[in-house]
Every structure is written in C-alpha cells, then in structure tokens.
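Participant:
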C-alpha cells in the first residue's frame with residue numbers, strides 16, 4: 053500500500069475509487085466498506101484509496117476549544133490503522149493533516165480541491181452518517197449532486213451489524229473502556245492489538261523480583277509508546293506477543309501511565325504499553341528486543357491500573373498479575389471451543 057501525507061506528491065494515483073473517514077480501529081464495518089471499495093475500484097480500473105485524517109477532527113476541535121474531554125478515546129495508533137488498511141487490500145492511503153485551514157474549508161471547496169483536483173476521485177463511498185466541510189455543512193445529498201455535476205459516482209453504505217449490534221468505533225471504544233475484550237474482538241473481527249518499536253525505559257522491571265543469583269532477571273518488560281494521550285483501553289491485561297520468537301509468547305501487560313512510578317522518568321507522562329513475557333526468549337539476552345517491532349494482542353483484562361505505595365508492593369502486585377495471567381491461559385487451554393476460536397484468530401494474524 054502506498055502512503056502519502058497530503059496529496060501533492062509524485063506517485064499518487066491520477067484517479068481512484070475513494071472512501072473518507074477516520075477508520076479508528078478498522079473494525080468489521082470498516083472492513084465491509086473497504087471490500088466494496090476494492091471491488092468498485094477494480095471494476096473501474098482505478099486504485100482504491102482511503103482518505104483519513106491526523107489528528108482526528110474531534111481531537112483538533114477539543115484542543116481549539118480547550119476542552120480535552122471532547123476528544124474521543126483512541127482505539128489504535130496511526131501505525132496500526134495503516135497496517136489494517138493494507139491488510140484489507142487498500143492500494144493507497146492519504147493522511148491529511150486536520151488543521152485550521154481544513155476545518156474552515158467549505159464543503160464545495162473540499163470537493164473541488166481535495167476530491168476532484170487533489171485525488172481524481174471517480175467513485176466516492178461514504179458511511180450513512182457522513183458529514184464534511186466547515187461546520188459539517190456538507191452531507192450525502194450535496195456530495196451526490198456534486199458527483200453528478202463533476203463526473204464522479206457517489207454511494208452510501210448503511211451501518212453494519214453483528215448479532216444485532218451496530219458496529220462502530222464508538223461501540224469498540226465502549227467495549228474497551230469496560231474491559232470487555234471479547235466484545236471488542238467481535239466488533240473488530242480480531243483481537244485488540246497494539247504494535248510498535250520496543251523503546252528504552254528505566255529498566256526497573258528487570259530489578260523487581262530479581263533472583264538471588266543475580267540482578268536483571270526480574271520482570272523485564274517490552275515498552276511500546278501509545279502515541280495518543282487518551283487510549284480507549286487501560287489497565288492490566290493477559291496478552292500474546294508476536295514478533296520476538298517463532299510462536300506468540302504469553303504475557304501480562306500494563307497499558308497506561310504507570311501511577312506507581314516517578315512521573316519524571318524517561319517515559320514520564322506518556323501512555324506506555326509495558327509487557328512482561330511470562331517466558332523470555334533466552335536468545336534475545338537482556339538487550340535484544342530494543343528496536344524490534346512487536347505486536348501485542350490484549351486478550352483479557354485482569355484489572356484497572358493500581359497505585360502501589362512501595363516497590364515491594366509493586367513487585368508483589370506484578371507477581372500476582374503474572375499468576376493470574378498464567379491461570380487465564382491455563383483456563384483458556386482447558387476450554388476447547390473458546391480456545392480454538394482464539395487459536396484460529398491468532399493463526400490468521402501471524
């Protein structure tokens with residue numbers, strides 16, 4: 053998949069079949085829309101293209117009005133969104149910066165400057181609640197009329213349901229906020245996943261719970277930064293880690309701001325996914341994971357983040373989380389039907 057920031061670049065397609073949206077999570081509703089988009093693109097002999105925005109428009113307006121509570125919780129990072137769009141067969145994605153200029157652009161100017169001249173849209177597919185342009189003044193009827201006048205087709209896709217539940221990014225956020233990882237996975241069509249480069253931290257975990265034989269073999273963690281300040285999920289999870297060894301590795305992870313640690317540490321103030329593999333690959337040694345891109349599936353929430361009063365209490369808490377994660381994996385292994393579904397999903401994602 054080709055990726056462009058903005059549309060003034062060599063190599064961008066002259067013509068495309070286009071869909072527009074934030075695609076946070078790339079859930080099953082998005083996937084159905086992208087399948088239709090790819091089919092229409094092939095029928096027309098043009099490339100399929102997604103136009104998405106960074107930051108999320110609601111993030112921009114929350115900042116502009118100094119009301120951070122208006123910003124939506126973020127399901128996935130930009131990296132994960134682009135990975136899923138590529139997996140769905142999208143040929144080209146354009147990431148458009150959402151700024152003051154774009155927020156002030158009239159619907160008519162958006163159609164002329166972005167859709168027609170910028171992207172060469174021949175077909176535009178939108179959702180049933182699509183609005184665009186300054187003060188969300190543009191709607192489907194306006195877009196359809198513009199298409200007839202300017203020579204591109206316009207189509208609208210109705211909402212997608214799973215077992216009577218409308219699939220939407222809001223529904224995924226609600227499931228993640230509630231710690232209902234199974235519902236989130238049903239809506240997403242896959243386990244909820246965060247990926248990224250393993251970054252350096254304080255290396256405190258390897259000292260916590262270290263054996264008497266030598267420091268450094270305690271609760272070593274893989275640290276991944278979650279770029280957005282407001283993740284849709286938070287807390288302690290049983291997870292599977294992909295990218296370190298041939299098989300996915302079971303682990304326990306903390307997604308959040310680590311309230312028990314010094315806020316001035318190297319990752320202070322940043323949302324971090326810290327994952328401890330229950331079985332550390334010996335071939336990696338102490339430093340071998342840094343810089344690797346890993347993918348962490350959050351399968352089951354154990355509890356919310358807790359603030360511990362001391363490092364000894366933190367060590368005890370982590371040890372209990374590890375025991376609870378092992379119990380979860382043992383229980384899943386003992387439930388054939390439930391486990392087979394998870395194993396199949398995991399094989400599909402490797």
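Residue numbers (the working numbering): 53 to 402. All residues carry an ideal CB built from backbone N, CA and C; glycine is no exception.
#1: DSSP beta-bridge partners for residue 104?
#2: Alpha carbon to alpha carbon, how far is residue 162 from residue 87? Give it in angstroms, no decimals.
#3: Should residue 153 go down as buried or exposed, given a rule of 16 or more other Cβ atoms within 10 Å for buried?
#4: Note down the Cα distance separating residue 299 from residue 102, rounded to an integer number of angstroms.
#5: Going along the chain, which residues of its own chain have a beta-carbon closer than 6 Å to the beta-carbon of residue 112, five neighbours each way excluded?
#6: Residue 275 bridges to which residues according to DSSP?
#7: Cutting at 8 Å between CB atoms, please list the residues of its own chain near residue 344, excluding the five before and the five after it.
#8: Does DSSP classify residue 62 as helix, strand or coil?
#9: With distances taken Cα to Cα, identify the nearest neighbour of residue 210 among 107, 84, 99, 234.
#10: If the criterion is Cβ atoms closer than 8 Å, does the pair residue 167 and residue 70 meet it?
#11: When DSSP labels each residue in this structure, what does residue 53 get in the three-state scheme?
#12: Name the DSSP beta bridge partners of residue 282, please?
#13: If you draw a straight line from the C-alpha of residue 338 to the C-alpha of residue 272, how long is it?
#14: Quick check on residue 205: does DSSP put it in helix, strand or coil?
#15: Do residue 116 and residue 282 come within 8 Å of each other at the CB atom, strictly closer than that value?
#16: Give me, in chain order, the residues of the same chain whose beta-carbon lies closer than 7 Å to that of residue 131; leave out the 5 immediate sequence neighbours on both sides.
#17: Pick helix, strand or coil for residue 302, following the three-state DSSP scheme.
#18: Quick check: what's the CA-CA separation for residue 229 versus residue 128?
#19: I'd like to know whether the C-beta atoms of residue 359 and residue 231 end up nearer to each other than 8 Å.
#20: Can you list, in chain order, the residues of its chain with a C-beta nearer than 7 Å to that of residue 77? Leave out the 5 residues immediately preceding and following it.
#21: Expressed to the nearest angstrom, what Euclidean distance is found between the alpha-carbon atoms of residue 284 and residue 306?
#22: Is it the case that the Cβ atoms of residue 142 and residue 100 are separated by a distance below 8 Å?
#23: Which value, in whole angstroms, describes the spacing of the CA atoms of residue 289 and residue 59?
#24: Which residue wins for smallest C-alpha separation from residue 96, given the options 301, 173, 148?
#25: Using only alpha-carbon positions, find the residue among 332, 336, 335, 348 that is nearest to residue 326.
Facilitator: For this structure:
#1: 147
#2: 25 Å
#3: exposed
#4: 33 Å
#5: 150
#6: DSSP output for residue 275 lists 251, 326 as bridge partner(s).
#7: Counting only residues of its own chain and dropping the five nearest sequence neighbours on each side, residue 344 has a CB closer than 8 Å to the CB of 249, 250, 295, 296.
#8: If DSSP states are grouped into helix, strand and coil, residue 62 belongs with coil.
#9: 84
#10: yes
#11: Looking at residue 53 - three-state DSSP - the assignment turns out to be coil, as it is neither helix nor strand.
#12: Answer is none; residue 282 lacks a bridge partner.
#13: 8 Å
#14: In this structure, residue 205 counts as strand in the three-state DSSP scheme.
#15: no
#16: Around residue 131: 247, 248.
#17: strand
#18: Put simply, the backbone Cα of residue 229 is about 13 Å away from that of residue 128.
#19: no
#20: 127, 128, 221, 224, 240
#21: Between the C-alpha atoms of residue 284 and residue 306 there is a straight-line separation of about 14 Å.
#22: yes
#23: 39 Å
#24: 173
#25: 348
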